[in-house]
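Here the sequence shown is numbered in the working numbering, starting from 35 and rising by one per residue.
A virtual CB, placed ideally from N, CA and C, is assigned to each residue, including glycine.
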Amino acid sequence: MRIRLLLPVLLLPALAMPAFAQAPSPREPSEQELRRAQQGAEAWQAYLLRVAKAVARSDGARDLALAALLEAQARPYDPGRATGLDPDRLRAEAGARGAGDLLTQQLLLAAAVVGDDPARRTAAARRWQALAPGNLAPLMHQGLDTAALLDAAPRLNRNAPELYPLQRWAAGVLRRHAPTAAEWAAFGEGAKPSAEANAAVWSSSLSVLLPDYQPLLRACDMRAPGAAGRAAACRHLSSLLLARPQTMIDERIGLSLARGQATSPADIAALDARRRGVDWRLEQMGKLAMQADGPGGAAAFARLLADASVTTEDAMARRMLAEAGIPAEPPAGWQAPWQRR
Numbered sequence: 035m036r037i038r039l040l041l042p043v044l045l046l047p048a049l050a051m052p053a054f055a056q057a058p059s060p061r062e063p064s065e066q067e068l069r070r071a072q073q074g075a076e077a078w079q080a081y082l083l084r085v086a087k088a089v090a091r092s093d094g095a096r097d098l099a100l101a102a103l104l105e106a107q108a109r110p111y112d113p114g115r116a117t118g119l120d121p122d123r124l125r126a127e128a129g130a131r132g133a134g135d136l137l138t139q140q141l142l143l144a145a146a147v148v149g150d151d152p153a154r155r156t157a158a159a160r161r162w163q164a165l166a167p168g169n170l171a172p173l174m175h176q177g178l179d180t181a182a183l184l185d186a187a188p189r190l191n192r193n194a195p196e197l198y199p200l201q202r203w204a205a206g207v208l209r210r211h212a213p214t215a216a217e218w219a220a221f222g223e224g225a226k227p228s229a230e231a232n233a234a235v236w237s238s239s240l241s242v243l244l245p246d247y248q249p250l251l252r253a254c255d256m257r258a259p260g261a262a263g264r265a266a267a268c269r270h271l272s273s274l275l276l277a278r279p280q281t282m283i284d285e286r287i288g289l290s291l292a293r294g295q296a297t298s299p300a301d302i303a304a305l306d307a308r309r310r311g312v313d314w315r316l317e318q319m320g321k322l323a324m325q326a327d328g329p330g331g332a333a334a335f336a337r338l339l340a341d342a343s344v345t346t347e348d349a350m351a352r353r354m355l356a357e358a359g360i361p362a363e364p365p366a367g368w369q370a371p372w373q374r375r
């Protein structure tokens, strides 16, 4: 298992380290390797189903929603095998009991994303929106076209995905259901981690709740037709993303939007300086993540996730870098990936 930075795949090509770009193409796996991988995947599916059934015994709305998410993550399992779970019932009861609970709706949204169910995804996002009016984060999951999103911009007053409270709660539940020694051996994942580390790393799979910002980036591209009429909405959205970004993707997208709208050399220089800092921390975190037992490993992630004072991904990155003796800001001669091009 590997910790997933909340930065999704859409930005990785722009931020990839040169060493990754220069690496040779991986060879084709052997039949034996493919078989081991399949066995490991099936073992994970069996473990997730075991935990889902245990969590589903609760009457709590969040537990039921988490069970629905775990069931969705466990697919594809053997369709001929009875699982003892009714995902439709789990979702219905969780939705009814947790109608006023934001975390329940986020978990149901994650289950719909993992299960590739657009209708349920939109419904859960709308329920989240009703609990948090003015919040950009749930709006991004409602399947709106770009025009509708930009039209809604003036009514929005913040961007609060609230992923760390969700991850903390989920990790707390999963910690009570750690894999057994036999289950871990079947995964083929190397040395067995602590229950805390396993739960924290699993919680990072909730990065599925990060939205796809590509349509918004295209709509706010000043070179695109009609962009001038969208400038005010794009500026407002960038200000929401940059006001207090909880994830590094939010900050990175906000900077891209603001950079596209900026005309003053002083404003451009300030945005570029901030962008260099974000890219530096992302690059250093990528290097730390390759060191399983180091300051950026699962144990450190679990410890910092449990710290309620860590409320943003940038704060998490800065703490990990500080513990590794790495400065949070880039040295003067360092170039960001977009500068190297």
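Start and end residues, alpha helix (DSSP H) containing residue i
i      : result
Leu322 : 299-323
Lys226 : Counting along the chain, Lys226 falls outside any alpha helix (DSSP H), and DSSP gives it neither H nor E.
Arg91  : Per DSSP, Arg91 belongs to no alpha helix (DSSP H) and is neither H nor E.
Arg109 : Unbroken run through Arg109: none, as it is neither H nor E.
Arg192 : Segment: none, Arg192 is in no alpha helix (DSSP H) and carries neither H nor E.
Ala219 : 215-221
Gly294 : 282-295
Asp348 : 347-357
Ala212 : Careful: Ala212 lies outside any alpha helix (DSSP H) and carries neither H nor E.
Asp122 : 121-131
Val148 : 136-148
Thr156 : 152-165
Arg337 : 332-339
Leu170 : 170-173
Residue closest to residue i, alpha-carbon to alpha-carbon, out of the options
i      : options                        : result
Pro365 : Arg315, Leu322, Leu251         : Arg315
Ala181 : Leu250, Ala116, Val242         : Leu250
Leu136 : Arg264, Arg286, Glu357, Gln163 : Gln163
Gln139 : Ala159, Gln66, Asp255          : Ala159
Gln325 : Met354, Ala215, Pro152         : Met354
Leu291 : Pro329, Leu68, Gln248, Ala126  : Gln248
Glu230 : His211, Trp218, Asp151         : His211
Leu271 : Arg293, Pro259, Arg257, Gly260 : Arg293
Gly288 : Asp97, Leu170, Ser298          : Leu170
Ala265 : Ser273, Gln295, Ala333         : Gln295
Trp78  : Arg310, Ala220, Val344         : Ala220
Lys226 : Gly263, Glu347, Arg70, Ala332  : Ala332
Ala310 : Ala323, Pro188, Trp372         : The residue asked about is misnamed: residue 310 is Arg in this sequence, not Ala. Measuring from the Cα of Arg310, the nearest candidate turns out to be Trp372.
Pro245 : Ala71, Leu178, Gly134, Arg161  : Leu178
Asp348 : Arg278, Glu217, Ala215         : Arg278
Arg161 : Ser64, Gly129, Ala370, Ala358  : Gly129
Gly168 : Arg154, Gly222, Thr346, Pro188 : Pro188
Val85  : Arg209, Pro329, Ala216         : Arg209
Gly118 : Ser237, Ala71, Arg337, Ala88   : Ala88
Arg286 : Thr297, Leu305, Pro299         : Leu305
Pro121 : Leu100, Gly134, Ala133         : Leu100
Whole-angstrom C-beta distance between residue j and residue i, which should lie under 8 Å
i      : j      : result
Leu339 : Ala205 : 6 Å
Val235 : Phe335 : 7 Å
Gln280 : Leu197 : 7 Å
Met282 : Val312 : 6 Å
Leu173 : Leu183 : 7 Å
Leu142 : Arg125 : 6 Å
Asn232 : Pro213 : 6 Å
For residue i, the three-state DSSP class (helix, strand or coil)
i      : result
Ala366 : coil
Val43  : With a pLDDT of 31 at Val43, under the threshold of 50, the modelled position of this residue cannot be trusted; read the value that follows with caution. Correct three-state label for Val43: helix.
Gln56  : Residue placement at Gln56 is poorly supported in this model, since its pLDDT is 42, which falls under 50; the coordinates are not used for a value here.
Arg252 : helix
Met35  : With a pLDDT of only 49 at Met35, under 50, the local geometry of the prediction cannot be trusted, and no value is derived from it.
Arg374 : helix
Ser343 : coil
Gly206 : helix
Ala233 : helix
Asp246 : coil
Ile360 : coil
Arg96  : helix
Gln176 : coil
Ala86  : helix
Arg61  : coil
Ala116 : coil
Gly260 : coil
Pro199 : helix
Arg69  : helix
Proximity test, residue i beta-carbon vs the ligand MN heavy atom, cut-off 7 Å
i      : result
Cys268 : Ligands displayed in this structure: none; no statement on the ligand MN is therefore possible.
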